[in-house]
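Please read the structure below before turning to the comments.
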């Protein structure tokens, strides 16, 4: 995985889902519904954010912003190189993260953009 600039990290962070009653500068949800936090908050809690490509380098992807999304570290690990469907292992029940294994699939709009960008069939 590449080293990301502060701007790239912020751009990917901004793709996370804001959470009602939470400071969106500090907390967001990943695409699997898991709560995550900024670096400053993570240093004091049990959060670790990963910038995860939808389509991994192994499958011809790169670190283009459209291909990156914030993922809780456990979802990042369980996704591995799987694409377009993958297994998520962490979500949240409003205020805290919980273990829950479920299959996820990249949404149709993003999948179409990635197929066009990377010339996939």
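Numbering (the numbering used here), first residue to last: 66 to 186.
We put the beta carbon where it would ideally sit given N, CA and C, even for glycine.
For residue i, the three-state DSSP class (helix, strand or coil)
{"i": "residue 184", "result": "coil"}
{"i": "residue 122", "result": "helix"}
{"i": "residue 109", "result": "Note that residue 109 scores 47 on pLDDT, short of 50, meaning its location in the model is unreliable; the coordinates nonetheless yield the value given after this. Residue 109 falls in the coil class under three-state DSSP."}
Check whether residue i and residue j have beta carbons under 8 Å apart
{"i": "residue 93", "j": "residue 135", "result": "yes"}
{"i": "residue 155", "j": "residue 97", "result": "yes"}
{"i": "residue 119", "j": "residue 179", "result": "yes"}
{"i": "residue 125", "j": "residue 183", "result": "yes"}
{"i": "residue 137", "j": "residue 101", "result": "yes"}
{"i": "residue 176", "j": "residue 149", "result": "yes"}
{"i": "residue 157", "j": "residue 99", "result": "yes"}
{"i": "residue 103", "j": "residue 91", "result": "yes"}
Where residue i falls, given that 16 or more other Cβ within 10 Å makes a residue buried
{"i": "residue 77", "result": "buried"}
{"i": "residue 95", "result": "buried"}
{"i": "residue 72", "result": "exposed"}
{"i": "residue 181", "result": "exposed"}
{"i": "residue 140", "result": "buried"}
{"i": "residue 174", "result": "exposed"}
{"i": "residue 86", "result": "exposed"}
{"i": "residue 79", "result": "exposed"}
Extent of the continuous alpha helix (DSSP H) run through residue i
{"i": "residue 71", "result": "71-78"}
{"i": "residue 142", "result": "138-144"}
Extent of the continuous beta strand (DSSP E) to which residue i belongs
{"i": "residue 94", "result": "92-94"}
{"i": "residue 100", "result": "100-102"}
Worksheet item: What alpha helix (DSSP H) runs, 4 residues minimum, are completely inside the region 154-185?
Response: Runs of the alpha helix (DSSP H) inside the region 154-185: 173-183.
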